[in-house]
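Numbering (the numbering used here), first residue to last: 2 to 313. For glycine and all other residues, C-beta sits at the position ideal for the given N, C-alpha and C.
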């Protein structure tokens, strides 16, 4: 359920818009670089919304924008990009749903939409809405002996505003930790795209557990497709004669490929505690799933966004 901003929140948002427009009165020109690095250089149609949201929040958060205002501005800007004709971004002549798109140009356009929205709202502020429920969250991260932090976290208390859910919709927030496992490729991809696929699931209202499962599957499907087109999937070894028909199918949904040890934070009933994460080792049950077709159970482990497989 969404409610109107308080007077103080309205003042803070309008003041931010005024300062933002003063610092950035014009759109970024064709030869003017964005204040962040755009990666990857090519994205698929399924990746547009997730990447655009990531770029917008990355840009706005540097401006110390109020959290809920960042979600509202991001949604307004991204909506205009995803609804336009994507053929202008195609890098080849394949069908739209298969085409690779020019991500630097998309990033430039969506950030310019952010500037445009801020200018419009500075002159004519709309009615601002936020979730009725307020979430308080904290983050602590340590990389231990690793060279760099490989895990990712996502905190979206304004999930409804970010994805444009109706004002009467139930309170929703998204919190996640993604386990990197010797690399950042898979954890970064999931941190950018999983919540997008969750928000677009038709079951998010009636069955959030199923919606989360579908989001995992879609994220994994897109991640594997990305790895294939970049030539980063290892070839499978041929099975031995003793195991000719065992463990020789690539699971369509190797959840560990994108989620590491992420567990769904969906309690059985209101007010009930939910398990966030179990202890996880490479031989732990949390890394074992069965294939979709009911064939042999296989254990999948993810290293730097790549799959390795062993039979159980």
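Beta carbon of residue i nearer than 8 Å to that of residue j
i, j, result
"residue 114", "residue 78", "yes"
"residue 61", "residue 75", "yes"
"residue 35", "residue 112", "yes"
"residue 138", "residue 176", "yes"
"residue 99", "residue 92", "no"
"residue 80", "residue 29", "no"
"residue 215", "residue 204", "yes"
"residue 159", "residue 83", "no"
"residue 5", "residue 130", "yes"
"residue 25", "residue 116", "yes"
8 Å contact criterion, which residue i and residue j should meet: CB distance rounded
i, j, result
"residue 199", "residue 161", "Not quite, the Cβ-Cβ distance comes to about 12 Å (not below 8 Å), so this is no contact."
"residue 196", "residue 157", "6 Å"
"residue 54", "residue 107", "That pair is no contact at about 12 Å."
"residue 15", "residue 126", "6 Å"
Same chain only: Cβ atoms within 7 Å of residue i, ignoring 5 sequence neighbours per side
i, result
"residue 123", "18, 19 and 22"
"residue 185", "151"
"residue 328", "The shown model of the chain, from 2 to 313, leaves out residue 328, and the question about it has no answer."
"residue 13", "67"
"residue 164", "76 and 200"
"residue 220", "191, 194, 195, 198 and 259"
"residue 8", "none"
"residue 3", "130, 131, 132, 133, 161 and 168"
"residue 119", "18, 21, 22 and 74"
"residue 94", "none"
"residue 64", "21"
"residue 149", "none"
Neighbourhood of residue i by C-beta, 6 Å cutoff - its chain only, sequence neighbours within 5 removed
i, result
"residue 192", "153, 155 and 179"
"residue 89", "none"
"residue 274", "Here residue 274 scores only 49 on pLDDT, less than 50, and its place in the model should not be relied on; the value that follows carries that caveat. No residues qualify anywhere along the chain."
"residue 181", "151, 152 and 188"
"residue 211", "204"
"residue 37", "59"
Paired residues, beta bridge with residue i - DSSP
i, result
"residue 154", "178"
"residue 189", "None, per the DSSP bridge assignment."
"residue 130", "5"
"residue 43", "103"
"residue 91", "102"
Proximity test, residue i beta-carbon vs the ligand COA heavy atom, cut-off 7 Å
i, result
"residue 220", "Within the structure as shown, the ligand COA is missing, as the structure has no ligands at all."
Below-8 Å beta-carbon distance, residue i vs any chain B residue
i, result
"residue 64", "As a matter of chain content, chain B is missing from the structure shown, which is built from one protein chain."
Cβ neighbours of residue i in the same chain (closer than 8 Å, five flanking residues each side left out)
i, result
"residue 27", "116"
"residue 87", "46, 49, 97, 100 and 102"
"residue 10", "67, 69, 129 and 131"
"residue 140", "154 and 156"
"residue 207", "none"
- Message: Would you call the segment 163 to 177 in contact with the segment 141 to 148, where contact means no fewer than 3 C-beta pairs closer than 8 Å?
- Response: no
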